[in-house]
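In the working numbering, the protein residues as written are 637 to 866.
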């Protein structure tokens, strides 16, 4: 049955000679995998494979059946072509990290319009931001944790949960202010963090996710993110 849905591209792998299998988080159906034919050829129209770069916002018409793990696309396009996210090093590095996290934590289940709207708004903020996005990945992880069911209510609760699981995280005034601001204020709210504090909080947030979701494991993009953003 043909269905319309919006989606966020997460990743893809090569499939046979000219096709890919794309993982897309959809508004209607949750996490889905789609065969996309004839996109890895010189004759591919309009460079369609670019539609499946990380975090691209998609408008799709799909063939959907509940009993299938792999679906097909009838139509796909984007109404939000990126102008900065894939081309600016800091933004593309953040996108790589966010995509890796989403691939690890999003599950194959029914769609969640509220979570989908949060993800779309976050992607659009990162695409359009000209300043105050150096802490985006940190605030994003904190806010995402609430949708996943384990968001901390305060900096102190975040610290306590880490310490209860033998992770050596100690708050200081700078970190307390930063965490509480990220928890309570919109993305892009200016927050003063030193390079070392930003890296410390990144490691603590990844550990926090590893505590709550077994499938997180090693996050391979962290060293690159630490180097680029600090």
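A virtual CB, placed ideally from N, CA and C, is assigned to each residue, including glycine.
The stretch 701–709 and the stretch 723–738 do not touch, with fewer than three beta-carbon pairs separated by less than 8 angstroms. Judged by pairs of C-beta atoms under 8 angstroms, the stretch 797–805 touches the stretch 826–845, as three or more such pairs exist. In the DSSP assignment, residue 641 falls within the unbroken beta strand (DSSP E) covering 638–651.
Residue 663 is classed as buried because its beta carbon has at least 16 other beta carbons within 10 Å across all chains shown. The beta carbons of residue 697 and residue 672 sit no closer together than 9 angstroms. Counting the other CB atoms within 10 Å of its CB gives residue 643 a total of 16 or more, which places it among the buried residues. Residue 656 and residue 789 have their alpha carbons spaced roughly 41 angstroms apart. Under the three-state reduction of DSSP, residue 773 is assigned to helix.
In the DSSP secondary-structure assignment, residue 708 is bridged to 671 and 699. Contact fails between the stretch 813–821 and the stretch 743–762, because fewer than three Cβ pairs, one in each stretch, are under 8 angstroms apart.
Residue burial annotation: residue 652 is exposed, with fewer than 16 other C-beta atoms found within 10 angstroms of its C-beta. Residue state for residue 849 is assigned as coil, using DSSP reduced to three classes.
Residue 728: member of the alpha helix (DSSP H) spanning 725–741, first to last residue. DSSP places residue 858 in the uninterrupted alpha helix (DSSP H) bounded by 858–864.
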